[in-house]
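Structure first, commentary second.
Numbering (my numbering), first residue to last: 442 to 616.
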């Protein structure tokens, strides 16, 4: 059976906290799926607001229960996949670009998520603006993980503000 559900209230609050209203057009369609095919330990984001997550992301491994958002790793994974939805809303061909990046990773051993770490907000922003889809999502995931651990990194402040509040037309020009 192909299983999915809508976001629970706490999960919707998580989306609003980290994305502001930037995902509002997608919120009614956002659905969580239990990852059952392929590498079931990895999350995956599909077009149309569909996000497949491993069973370990849910309380007691039960997809009918809430996501374990108190765990920074789970919160980061959800933020990463939601970020891909954010990118799609802004016209980025996430699936095509990610398929190419992951294909290169298999063939050449490149890490599609790696980006230059830095403590400088301007350097991080410059890196974000020129990064590919997986690097951008990883940056946002790292920001959310730090916030969930209670140690937000000021270097990510501009990125976080951009994601939370940039109108669609400005976001597509800036990224």
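Note that CB positions come from ideal geometry on N, CA and C, so glycine has one too. Since the model is a prediction, treat every value here as computed from it, not as a measurement.
query                                                                                       : result
Integer-rounded CB distance, given that residue 494 should sit under 8 Å from residue 518   : 7 Å
Nearest-angstrom beta carbon gap, residue 510 and residue 452 [assumed within contact, 8 Å] : 7 Å
CA nearest to the CA of residue 606, picked from 521, 445, 576, 527                         : 527
Beta-ladder partner(s) of residue 599, from DSSP                                            : Residue 599 pairs with nothing; no bridge assigned.
Proximity to residue 503 [Cα-Cα], best of 445, 579, 492, 462                                : 445
Cβ-Cβ distance between residue 484 and residue 543 below 9 Å                                : no
Coil, strand or helix - residue 493 by DSSP                                                 : strand
Exposed unless 16 or more other CB atoms sit within 10 angstroms - verdict on residue 583   : buried
Cα-Cα separation, residue 589 to residue 490                                                : 23 Å
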